[in-house]
Amino acid sequence: MTRMTALPPCLRKRAGVACLMLILQWAHTLEASAKEWTFSAGAAIVGGYGPLSGDPVTITPVVAVQHAVNQTFWWRFEGGYEHLSAEGSVYEYGLGRATRSTRARFFSFGAGFRWQPGAGASGVAPFVELVPTAHVVHWRDNGPRRDEESMRWVPGFETGVGLRFGSEGPVHLDYGIRYQRSAQFRVESREDRLPGLSQFGLAVALSRAL
Amino acid sequence: MHKWSVTTSMAVLALALLSLGAGTTSAETWIFSAGGALAGGYSPFPRLAFHATGMPQVAVQRAVHPDVWVRTEVGYEDFIGLTPKPGIFLTDVIYPPTSTRESRARFLFLAAGARWQPAPRPPRNAAFYVEAMPTLFGVMWRDRYSYTIYDTSGASLRSADDDLTRLVPGFIGGVGLRFRATDRWHVDYGVRYQRSARIKGMEGRDLLGLSQLALAAALTWMP
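Pasting the structure below:
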C-alpha cells in the first residue's frame, strides 16, 4: 500500500485497473475450470454372477471424475467395487455334509468417454458412455477340502445410457442403465476358466462441478 | 470357389484398393481408426458353440463425398473351447463320457465397403453413421477330439483331428454414433452384424459360418 501511495496518480489508476483485470481474469479462469471437471458418486443395482448364485442382485458403489473436452464430450475416469458371495453345505465323500463359502470381489478401474450435451432449459439431457476397464478379481473359496485364495486382473468394459437431471446449477443427478463385462479368469484349483462378469444394472449418481 | 465367393472377393479387393490407393485427395479426407468389439459367440456345429470374444480392429477411411466414405478394415477373432449351447446337455453332443475336445477357431478378416457418415458438429458433436462392407474371412480351424470306445474287445482310444485353413466371403453391416472430441479426434460407438459363408470342411464336415452381433468402439484420428 505504501508503494501504491508512492506512485503518481496516473500510474496508481492504471495499476488499479490492471489489478481489477487480473482479478476478473482469475475469476473467469476459476469459473471455466469449474465447468471442466466434475466429480460424481453413486451406486448401481446389478444382476448376479453365475458361479456365485447366492446373490441374485448386488449393489455396486461407483465414483467417477470427468473432464470436459468440449461442450458435449467428456473424458471419464471411473472406479467401482462389487462383492459377491455364496455359502452353503456340500456333500464331500468321507466327510459328509460340510460348509463351503465362496467369495469374489471385483475392483474396477477405467478410463473412457461420455457424450453428454447440456441440459438447456428443460433441465434433462441424455448421455452415452463407454469406459474400458481393468478388473482386479479377488477370489476366495473355503471348503472342507479346499482353502484357496487368488487374485487376478482381467480386462473388461462398462457402457451405459441415461439421463442427466439439473439445468444450470453445479449439482446434477444421473440416472441410467449400464452393462459391465469382464473377461474370463483362471483360479488355481480349477482347470477351466471362471466366467467373467456380464451384468446389467440400474445406476444413479450425484455429480458436482469441481 | 463358388461364383459369388469370387465376386465378393473381387469386390472387397477393389474397394480396398480404391480406399487405400494413392490419390489427389487432401489429408483432411483420411481417417484412421483403431478399436475393438465385443462379438457374440460362434457356433461351428448346430449344438456346440464358442463363447463371446473380443475383436481388435483397425480401419482406414477415405472421403469420396462430404458424407460418404470408402472404408477398409482389418480385424481378428480368436475362439477357444467349444461348449454345448444353452439347453443342450453334454451327453447329447459328446457321445462317450471319457472324451476330450480342444477346439480353436481364428478369423482374420479384410472388409472394404462404404460408410455414410456426416461430420459431427457443435453443438451436439454427434452424428449417426451406417456402414456396409463385403468381407473376406480367413479361417483357421483346429479341432482335437479324442474319446474311448468300450466294446466286447475292451476299451480303445479313438481320435478325430481337424486342421484347416479356408478363405470365405461374407459381409459386415453396422450403425452407430460418432462423437467429436476435438477437430482431429473422434470416437465411434455402435453395433454391427457380421456374417460369413459356410466353411467347407474335410470329408464333407462343413462348419457353419459366422453370424454375430457385436458392440464396437474405436478411437479415430483425422490427420
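Residue numbers (numbering that gives the first Met the number 0), protein chains in the order written: chain Y, 0 to 209; chain V, 0 to 222.
Ideal Cβ placement from N, Cα and C applies to all residues, glycine included.
Residues of chain Y whose Cβ lies closer than 7 Å to the Cβ of V186/V are, in chain order, F112.
Using a Cβ-Cβ cut-off of 7 Å, P55/V is close to nothing in chain Y; its nearest Cβ partner there is about 12 Å away.
For R180/Y, the chain V residues whose Cβ falls inside 7 Å of its Cβ are L37, in order along the chain. Interface flag for P122/V against chain Y is set, since a Cβ pair is found closer than 9 Å. Ranking A103/Y, W36/Y, V64/Y and F72/Y by CA distance to the CA of Y48/Y puts A103/Y first. Apart from the 5 residues on each side of it in sequence, Q60/V sits with its Cβ closer than 6 Å to the Cβ of I30, W68 and R70 in its chain, given in chain order. Straight through space, the alpha carbons of S197/Y and A62/V are spaced by roughly 38 Å.
For the set A204/Y, P194/Y, A97/Y and R185/Y, the Cα lying nearest the Cα of D173/Y is the one of A204/Y. Taking 4 residues as the minimum length, the region 101 to 168 of chain Y contains no alpha helix (DSSP H) run wholly inside it.
Annotation: Cβ neighbours of L129/Y in chain V (cutoff 7 Å, chain order): Y188 and A216. Secondary structure at M201/V: helix, using DSSP grouped into helix, strand and coil. A residue is called buried when at least 16 other Cβ atoms come within 10 angstroms of its Cβ; P43/V meets this threshold and is buried. According to DSSP, residue pairing for Y75/V in a beta bridge involves L107/V. In this chain, the beta strand (DSSP E) harbouring P168/V covers G153 to R179. Where F127/V is concerned, the enclosing beta strand (DSSP E) starts and stops at A125 to D150. Near chain V, meaning a CB-to-CB distance below 7 Å, the residues of the region 54 to 79 of chain Y are V68, N69, Q70, T71 and F72. Chain Y has a Cβ within less than 9 Å of the Cβ of F178/V. Annotation: the continuous beta strand (DSSP E) that includes A202/Y extends over S197 to A208. At least one CB atom of chain V sits nearer than 9 Å to the CB of F156/Y.
About 17 Å separates the beta carbons of E72/V and T52/V, which is beyond the 8 Å limit, so they are not a contact pair. A residue is called buried when at least 16 other Cβ atoms come within 10 angstroms of its Cβ; H185/V meets this threshold and is buried.
One thing to note: G189/V has its Cβ within 9 Å of the Cβ of G175/V. For S181/Y, the three-state secondary structure derived from DSSP is strand. The C-alpha of R165/V lies about 29 Å from the C-alpha of L156/V.
F199/Y counts as exposed, since fewer than 16 other C-beta atoms from the protein chains shown sit within 10 angstroms of its C-beta. Interface criterion met: the Cβ of Q183/Y is under 9 Å from a Cβ in chain V.
Think of a sphere of 9 Å around the beta carbon of P116/Y: the chain V residues whose beta carbon falls inside it are P122, R123, N124 and A125, in chain order.
Within the same chain, V62, A204 and L205 come within 7 Å of A40/Y by CB-CB distance, once the 5 residues on both sides are set aside. By the criterion of a C-beta distance shorter than 8 Å, L83/Y is surrounded in its chain by G47, Y48, L51, G53, D54, T57, R102, A103, R104 and F105, once the five residues flanking it on both sides are discounted. Residue environment for D66/V: exposed (fewer than 16 other C-beta atoms within 10 angstroms of its C-beta).
Contact check between the region 161 to 172 of chain Y and the region 131 to 151 of chain Y: fewer than three CB pairs, one atom from each, fall below 8 Å, which does not count as touching.
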